[in-house]
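In my numbering, the protein residues as written are 31 to 298.
Written below as structure tokens is the structure these notes are about.
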């Protein structure tokens with residue numbers, strides 16, 4: 031199901047949503063420039079430097095100064111021995127900064143178009159609900175939290191701990207979770223394939239986002255535990271849950287009522 035637009039006009043201009051889309055687009059243009067001028071290897075090095083590597087975060091937390099990467103190689107006598115192929119120095123800035131920078135890197139046209147399309151459709155209303163500054167903080171914070179969930183699951187169930195993770199999917203998933211809680215009855219105009227024919231229908235946001243989360247994220251994420259995955263499903267799951275939780279708290283927070291304050295003075 032492909033969302034086309036929602037019937038939920040925001041009350042104010044979503045400047046932060048526009049700025050985030052523009053920032054992601056500019057970084058993607060830079061990626062294209064690097065790939066054209068310096069080759070695919072340079073782009074891979076860019077991802078390795080600014081993408082999140084679970085092994086680096088784990089080494090930083092446990093106090094290690096470097097990661098030694100080894101692989102098994104066969105000698106001329108047929109004996110397999112471990113050979114060191116890379117040493118990665120662990121520095122706090124180099125490990126922690128990618129938690130933010132990874133949100134602005136994308137691995138291809140489909141990756142960035144999908145993320146920015148969802149942010150365009152759902153981000154304006156969440157920004158309207160939270161306000162500009164709080165939405166920006168929410169977006170960045172939930173993006174970091176989504177990466178942390180991905181790191182934890184990868185360290186627990188996978189051996190691909192040195193593969194860099196990139197993309198705004200975790201933060202965008204948090205926006206979708208927030209939208210679900212804030213606007214469950216909003217209508218999403220959606221392109222839906224029925225057999226071999228695509229048709230346009232209106233779906234309540236609660237149904238659309240449930241289908242998106244359960245069938246496209248949760249089932250593949252749980253089913254793929256322990257195997258190599260090209261999609262960071264658990265970053266999506268963690269971001270979506272964080273967005274739901276935060277908006278639930280905001281939505282059910284008691285309003286601040288105006289009142290008079292009484293100052294008590296000590297008795298003489």
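Glycine residues also receive a C-beta, built at the ideal position from the N, C-alpha and C atoms.
From a predicted model like this one, the values you see are computed outputs, not experimental measurements.
In the three-state scheme derived from DSSP, where H, G and I count as helix and E and B as strand, residue 128 is classed as helix.
For residue 174, the CB contacts under 6 Å within the same chain, skipping 5 residues up- and downstream, are 129 in chain order. Taken in chain order, the complete alpha helix (DSSP H) segments of 4 residues or longer contained in the stretch 129-161 are 139-160. In the assembly as shown, residue 156 is a buried residue. Its beta-carbon has 16 or more other beta-carbons within 10 Å. For residue 192, there is no enclosing alpha helix (DSSP H), as DSSP marks it with neither H nor E. Membership of residue 34 in the beta strand (DSSP E) is indicated by the continuous run 32-36. Around the beta carbon of residue 180, 16 or more other beta carbons lie within 10 angstroms, which makes this residue buried. One Cα belongs to residue 146, the other to residue 89, and the distance between them is close to 32 Å. For residue 223, the three-state secondary structure derived from DSSP is strand.
For residue 199, the enclosing alpha helix (DSSP H) begins and ends at 199-212. For the stretch 262-288, the full-length alpha helix (DSSP H) segments reaching 4 residues or more read 263-281 along the chain. Contact annotation: residue 277 and residue 236 have beta-carbon atoms that are not nearer than 8 Å. For the pair residue 272 and residue 197, the CB atoms are not nearer than the 8 Å cut-off. Inter-segment contact for the stretch 134-150 and the stretch 188-202 is present: three or more beta-carbon pairs are separated by less than 8 Å. Short of 7 Å from the beta carbon of residue 243, and not among the five residues preceding or following it, lie these beta carbons of its own chain, in chain order: 270.
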